[in-house]
Each structure stands twice: as structure tokens, then as C-alpha cells.
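**Student:**
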Amino acid sequence: MLQLIENEKIRETVNGKRVITKKPELLAPAGSLEKLKVAVHYGADAVFIGGQEFGLRSNASNFTIEEMREGVEFAKKYGAVIYVTTNIFAHNENMDGLEEYLQAIEEVGVKGIIVADPLIIETCRRVAPKLEIHLSTQQSLSNWKAVKYWKQEGLHRVVLAREVGAEEMRKMKEEVDIEIEAFVHGAMCIAYSGRCVLSNHMTARDSNRGGCCQSCRWDYDLYENVEGEEQALFQDGDAPFAMSPKDLKLIESIPHMIELGIDSLKVEGRMKSIHYVATVISVYRKVIDAYCADPENFKIKKEWLEELDRCANRATASSFFEGEPSYKQQMFGFNAPKMKWDFAGLVLDYDQETGIVTLQQRNYFKTGDTIEFFGPDIDTFTMEVGQIWDEDNNEMEVANHPLQIVKFKVDRPLFKYNMMRKENK
Amino acid sequence: MTKPELLVTPKSVDHIKALLDAGADAFVIGEQKFGLRLAGEFSVEQVKEATELIHSSNKKVYVAVNALFHNDRIDALDDYLREIQNIGVDALIFGDPAVIVAVRELGITIPLHWNPETTATNWFQANYWAERGAKRAVLARELSIDEIVEIKENAKPEIEVQIHGMTCMFQSKRKLLGNYFLYRGEAMEIENRKENKNMFLHDKERKNKYPIYEDLNGTHIFSPNDMCLIDELTELFEAGIDSLKFDGVLHSEEYITTVTNLYRQAIDAYFDQGEEVYEEIKNELLEKIEEIQPPLRPLDTGFIFKETVY
């Protein structure tokens, strides 16, 4: 049974039919301009990106100020907005250049920053007041009274800790009038974010400044120290001690989150491919739109779940939103499932008259392969690849050069940014 | 130059007596429902008893309310703060801003020490929380000596730095040990062992051993080494650091008492007899710690002389 909140205008009745009037924002990750464009094209209302400074994921390909400008302009055409993550906990040496950086972000038209360190919050307020300030999950925000604190500090939005459950979110919404952003899909820290320095100790890389080396995902052996004697708490053949959580997947909880009035539903993964972003965003887009249009008759479609699985390379779980995760939501002695479909090409152009698609190759494929096209403007369909040509119309049998421009015949119309997958046999 | 406070973590009320004799200036106590990774568990009654004892020696007592709170403990936090207010302790140690809101709403007058552990990394933050009521900032243990000195130069509140003991590297809300045993179908194994707090993870590649335990707040994993700065205190003394903390979590009462006394000797030597005397005895003090150091706990200097990249 869904928890209904009455103090916020989330829903109303039109002609005897209940509709959702407060549609949450679908927030996508993007590690590059190309990913940003794909995310927006596939239905994201907002995209979060990293700049070249002050953000975590220091090894993600991050945006220059000029790329941010282009991203903002592109998003604007779709009515979408851009947020920039500036969520490091700064050391003294990181304080230089912050003001200029925030002013530049503001000037290019970014809507807000996602931030953890009060240094950056206060500096932003002072030098770039047009930017919205969103509290990062790095602050491990887990209770309504702390939410109230950040509201009193004038923040626009808070991103909750990943450890917060549905009932806790309901209470936060009830107690405090502030936008709430919650994760719905993607990889997650197994520690409270910001409260883990395994990387610092194990590899001298600062996890809270973007250096995380994911040591939590390694295997360890568990021992007990009994009066100075080390006794193994495992036997030969036992799976090692592991701290790897299954990835978050809340697709089936989206209706519940919408009814709670959560303002922004966030997909994680700035390092992921355009294929991942396109697949995940398009599916969540469909779920949100379908539920809001007709909540009474809403049902999760099997095809949506199958579609999501096509870009999954790790097992998934509903950790914390649906209650304290059990051991079943961790991975022990577990081999990742192989992806059933590979991303094989990105549509650049389609010639209506000749029926020829121009494609950028993203993975090996050849004449005779079974492939699938999908995109926001087409119904997904499967076909067999016929004759392939290169850019200069030379015949070829295999497309085996990354990013090569190739062409072949497709008898249904395609559009720019549609994607092609190949079945992984 | 003012003498820094020597702050320690007692395991029991009786232990406080021994630590007062050993030369401790201040004590961190509390209970796991509100405080994180405490050396001992003190009920409200025991906090009262401890406070009387500590105050009768003109020393200070701080109560830890530095948990990452979820909604389920917010009401209990209010009640707890009222009780602690009546006892008259010298400070509350907090990390979660919920405590700031609660203190304001309840009119609590106990001074606040800001200690979020890993995220206290620059002087701006220290001053930010000072403006919101913190009298002291406790710095992250992942900082270098240069960073600590620069923070002290620019910070308005008192600065506290850890000088000895284990540091927490990781806190998860999940029951990671329980889950591991459950996965293997051995639920009782964890129940039998939970109270002992003597498990560790072996990292074969780095040849490190990380203590790990579970409590109300989740799963905690600790540094493979005990930091020990007894022979490296000069720069901290010169910088004027206000409080030097020895965190005795997961150590025995005897060890905590002995090490406290050795730091007492180090601080007194420097401030009462001069830098030369400290320089003369510091290696001897270090050797005394090495003699009683548990074999599974090598000593190092934490991040004081170690750079991190990112």
C-alpha cells in the first residue's frame, strides 16, 4: 500500500481520474558532452556533470567550462538543466581558484552545484549567488533534523544518504519544506559516503577528493584474534569476506517515490557508457511518465525490466529504500553476469530515400549478425545486418574499427542518436 | 605557549581513576546509541558518576553525540541532551548538524566540539562550524602536519588532533560481519563473537590487518597501524594545537593507562623543562610504547608525513 502524503500537492483528480501533478525530475549522469547530449535526448530532465576541479571521480573525463556552456545550450533546447558536482572535501591547498571556477559555472548558465564542503557552499553563496546549492550525498544526510539544518542554511535541495529508507523520506518531507533528491539506480558505496578512507590508507589516494580506488570491492580474509593467536573464520573453499553491494535498482519503487513527493530521482554513473545512460534513462522516463499519467492503472511492464537488463553487468537490489539490506543484497563469491547485449553503433544519420543508415561503430559486428535498434523516437526492433559499406562506399564484411563510420540498409526509419545493440552469443 | 590538553578515552568509571593518576586532562565518554566508536560504554548514570569524579580533579569531560543519526534516534537524542545538560559536562562532541538544531531548540548550553572525523579537512570548515556554535574543531586524521599547522594558523576555534591509537577508516550502516556469516549459513557465529570485538580483515596483498566490528551504528573498520606521535610532538606543540587526543578504542585499560602516562611525561618535559629535555627523552618514551604494543598493531605516524594524491 502506498503512503500518501496530504500536505503537498502531488496529485489531483481530473474528471474523476487521479493524476500526478508533481512529476519528479529524472536526473542523469554524464561524464562527457556526448553522454550529456544522449542523456537529454533520451529523456533526462536534468544532468549532473563534473568539472575539471573540485569534483569527485578525478579519473572521469570531466567538462571544461566551454564544454559546460555547450552542454547547457544543448539541454536548454529540450527544457533540461545542468548541475555541476563540486563535492570534494577540500584541503587547504584546494581552496585556490574556487571563486573564479564558481563564477565561470554560473556564467555559462549551469543551474546549480552539488556540494558537500561548507567552504564551497559559502563561497558559492558569496560569489555566484544565481547558482542553486544542492547538498551532496557525501554529507551522509540521514535524518529529518539535519535536513532542517540545511533548510535553515538556505540550501535549495538535499541529496540524501543512500542509507535512507522510504519511511524516513516520508518523515523528512513532512517535517521540512525542501527539495529532496534520492538515488534510484546505479553503483553505490557500501560505506556511508564521505565516511570511508580505505583508499587513503591502502593506496595513499584521497577518496574524498576523487581518488577512491574502490578498495571496498576487494576480497579479504576474516580472522579472529584469540589471546594473541590468529584464528581463521573461514575454511578452504569458503567465499572470502567481501563488501561489494549489489547495484541499486529502484525501478519498481518509482511509484512509491513519486507518491512520497521526492523531487529528483537520480541515476548514478558518470563513468558509464552512452549506451548505459540511454538505456537506463529511457526506461525510467517511461516509468515516470506512465505512472504520472494514470497511477490507478499503472503496472510495471516486463519489457521495461528486460530493457534495463540489457545494460546491466552487475546484480541489482533495492537497498535501503525498501528496508535494511540483507546479505542477499551483497555480492559474495559472485561472478558478474555477462551482458546479453553489447552496444554496437550510434546512429549519425538516416537517408529516408535510400533507406541507408550512417552509423559510428562502437563494437565489432558483421554481416549476418542479429542486431537491435532503440531510441526515444522509435519502437525497438530487431533485424539482420546485410551488406556493410565504409564511408567511401567500399564494401566490407566486418565493422571492426572502433568509431569507424559505416553504412548499411535498414528498412525502418531511424534518427540521430538512436543506438544499435548486438546480441552477445 | 600554552600546554595542550591530553585527551583520552576511558573504558569504565574505575579506569578514569587510573587515568587521572596517569595524567589525563580530559575524557571522552558516552554510549554507542549516540556516540561513535567509543572505548567504553557509559550509561547516563555512569556519565554522572564519571563527571563528578573528573570534576573533583579539575579535569574535563566530553560526551560523544557524534553518531550519523537516522530519524529513529532523533527523539531519543533530545531526551539524552536534556539529561546530559543536567549533569554539567564540559562539551558535547557532534558531527551531525541535527545536534546543532536540537541544541538550539532545547536551549542546551553545553559547549560543542565539532568532530565529523574524515570530513574535517580545512580551516574554513572549522570557522564555519565555530560560527554555528562549535568551540572546538577536531581535525580529520588524514591530514599532513603542514595542513594541520595551516589550519591552526587560520582557525578561530580550538583545534584537536589525534596523536595516538587507531583511526576509523570506514563506517557502513550494513551489518557486514553478520551478513557474511548469514551468507554462509552460520548466523550464530556472529552472535557468539559480537561482544569480543577481536575480529580483523587480512589484506594479503598489503600484508595489513584491519580490525573490524559491528554495533548499533553499523560496521566499523580501523587502520592497520596505531598512529604514535610521541617522538614527533614538537611541531604540534609549536603550532599551539589545543588538544592532543589518544584514542584507545579496542585497546586494554592497562595499555591506555600506560600510554597516557608516557604522553603526560612527553608534554610535561617539553613545557615544564624545555624542548631539549623532550628531545632527550622522546626516544625512550617511544621504546616504552613499543615494549607494550600488541603484536598485531604496528606503530606508524598516520598521515602526518604522508601525502595523498587524488
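So the sequences go chain by chain: A and B.
So for the first sequence, our numbering puts the first residue at 1; every next one is plus one.
So for the second sequence, our numbering puts the first residue at 1001; every next one is plus one.
Yeah, the Cβ is synthetic: ideal placement off N, Cα and C, and Gly gets one too.
1) Is there contact here, the segment 211-221 of chain A with the segment 1237-1250 of chain B, by at least three beta-carbon pairs under 8 angstroms?
2) Helix, strand or coil: which one does DSSP assign to A:R11?
3) Counting along the chain, where does the beta strand (DSSP E) carrying B:H1202 start and finish?
4) Looking at the unbroken alpha helix (DSSP H) that takes in A:Y101, where does it start and where does it end?
5) Under a three-way DSSP split, which group does B:S1252 fall into?
6) The beta strand (DSSP E) that contains A:W389, what's its start and end?
7) Near B:V1013, what residues of its chain come up, given a Cβ to Cβ distance below 8 angstroms and the 5 sequence neighbours on each side ignored?
8) Once DSSP output is grouped into helix, strand and coil, what is the label at B:V1099?
9) Relative to the C-alpha of A:F408, which candidate in A:G355, A:E132, A:A187 has its C-alpha closest?
10) I need the straight-line Cα distance from A:F63 to A:G186, nearest angstrom please.
11) Compare the beta carbon distance of B:E1117 and B:A1134 with 8 angstroms and say whether it is the shorter of the two.
12) Can you grab the Cα-Cα spacing for the pair A:L359 / A:E67, in whole Å?
13) Here's a check: name, in chain order, each residue in its chain whose Cβ is nearer than 8 angstroms to the Cβ of A:E268, leaving out the five neighbours to either side.
14) Do the segment 1277-1291 of chain B and the segment 1029-1041 of chain B make contact, defined as three or more Cβ pairs closer than 8 angstroms?
15) Does B:Y1278 get closer than 8 angstroms to chain A when you measure Cβ to Cβ?
16) Is B:S1252 close to chain A, meaning its C-beta is less than 8 angstroms from at least one C-beta of that chain?
17) Counting C-beta neighbours from all protein chains within 10 Å, is the total for A:K148 16 or more, i.e. buried, or is it exposed?
18) Would you list the residues sitting across from A:D221 in a DSSP beta bridge?
19) Skipping 5 residues on each side, what residues in its chain have a beta carbon closer than 7 angstroms to that of A:W144?
20) Is the beta carbon of A:I49 less than 8 angstroms from the beta carbon of A:L36?
21) Using the Cα positions of A:N7 and B:K1194, report the straight-line distance between them to the nearest angstrom.
22) Might you give, ordered along the chain, the residues of its own chain that have their beta carbon closer than 8 angstroms to the beta carbon of B:L1296, omitting 5 neighbours on each side?
23) What residue from B:F1305, B:K1156, B:Y1263 has the CA that sits closest to B:K1288's CA?
24) For B:Y1310, collect the residues of the same chain with a Cβ closer than 7 angstroms to its Cβ; drop the 5 residues on either side in sequence, then sort them by chain order.
25) Note down the Cα distance separating A:F320 from B:L1176, rounded to an integer number of angstroms.
26) Helix, strand or coil for A:A128, going by three-state DSSP, please let me know.
27) Any Cβ of chain B within less than 8 angstroms of the Cβ of A:L2?
28) What residues from chain B crowd round A:R217, counting only those whose CB sits closer than 7 angstroms?
29) Are the CB atoms of A:V159 and A:E132 within a distance shorter than 8 angstroms?
30) Can you give me the start and stop residues for the beta strand (DSSP E) that B:T1070 sits inside?
31) Just to check my reading of the structure: B:Q1085 and B:I1108 have Cβ atoms closer than 8 angstroms, yes? What is that Cβ distance to the nearest angstrom?
32) Restricting to runs no shorter than 3 residues, where is the beta strand (DSSP E) found entirely within the segment 1145-1231 of chain B?
33) Could you tell me whether the Cβ of A:S142 comes closer than 8 angstroms to any Cβ of chain B?
34) Per DSSP, which residues does A:E230 bridge with? Please list them.
35) Check whether chain B comes within 8 angstroms of A:N92, counting only Cβ atoms and requiring the distance to be less than that.
36) Check whether the Cβ atoms of A:C311 and A:H275 sit closer than 8 angstroms, and answer yes or no.
**Tutor:** This is what the structure holds:
1) Cβ pair count under 8 angstroms is below three, so no.
2) Strand at A:R11.
3) Its beta strand (DSSP E) spans residues 1199-1203.
4) Element bounds for A:Y101: 98-107.
5) DSSP places B:S1252 in coil when its eight states are reduced to three.
6) 388-390 is the extent of the beta strand (DSSP E) around A:W389.
7) Cβ within range, chain order: F1042, Q1046, E1049, A1050, L1053.
8) Correct three-state label for B:V1099: helix.
9) The alpha carbon of A:F408 has as its nearest neighbour, out of A:G355, A:E132, A:A187, the alpha carbon of A:G355.
10) Rounded to the nearest angstrom, the two C-alpha atoms are 21 angstroms apart.
11) No, they are not a contact pair.
12) Each residue's alpha carbon lies about 24 angstroms from the other.
13) Same-chain partners within the cutoff: P29, F183, H185, G186, A187, M188, L248.
14) With a cut-off of 8 angstroms, the segment 1029-1041 of chain B and the segment 1277-1291 of chain B do not count as touching, because too few Cβ pairs lie within range.
15) No, B:Y1278 does not count as interfacial toward chain A.
16) No, B:S1252 lies away from the interface with chain A (no Cβ there is under 8 angstroms from its Cβ).
17) Buried.
18) According to the DSSP secondary-structure assignment, A:D221 is paired through a beta bridge with B:H1202.
19) Only K171, M172, E175, V176 meet the Cβ criterion.
20) Result yes, Cβ atoms of A:I49 and A:L36 sit closer than 8 angstroms.
21) Legend: pLDDT at A:N7 = 49, less than 50; position of this residue unreliable, no value from coordinates given.
22) Close CB contacts of B:L1296 within its chain, under the 8 angstroms cut and outside five residues either way in sequence, are with F1200, K1209 (chain order).
23) Each of B:F1305, B:K1156, B:Y1263 was checked against the Cα of B:K1288, and the nearest Cα belongs to B:Y1263.
24) No residues qualify anywhere along the chain.
25) Computed Cα separation, rounded: 14 angstroms.
26) A:A128 falls in the coil class under three-state DSSP.
27) Any answer about A:L2 is weak, because its pLDDT of 45 lies below 50 and its placement is not dependable; what the coordinates show is given next. Interface criterion not met: the Cβ of A:L2 is under 8 angstroms from no Cβ in chain B.
28) Chain B residues near A:R217: none, gap ~13 angstroms exceeds 7 angstroms.
29) Their beta carbons are not under 8 angstroms apart, which means A:E132 does not touch A:V159 by this criterion.
30) As written in the sequence, residue 1070 of chain B is His, which differs from the Thr given in the question. It is not in any beta strand (DSSP E) - B:H1070 carries neither H nor E in the DSSP assignment.
31) At roughly 5 angstroms, the Cβ-Cβ gap stays under 8 angstroms, so B:Q1085 and B:I1108 are in contact.
32) Within the segment 1145-1231 of chain B, the complete beta strand (DSSP E) runs of at least 3 residues are 1158-1165, 1168-1172, 1199-1203, 1208-1215, 1218-1222, 1226-1228.
33) True, the Cβ-Cβ gap to chain B drops below 8 angstroms.
34) Note: A:E230 sits in a beta bridge opposite A:N225.
35) Interface residue, yes.
36) Closer than 8 angstroms, so yes.
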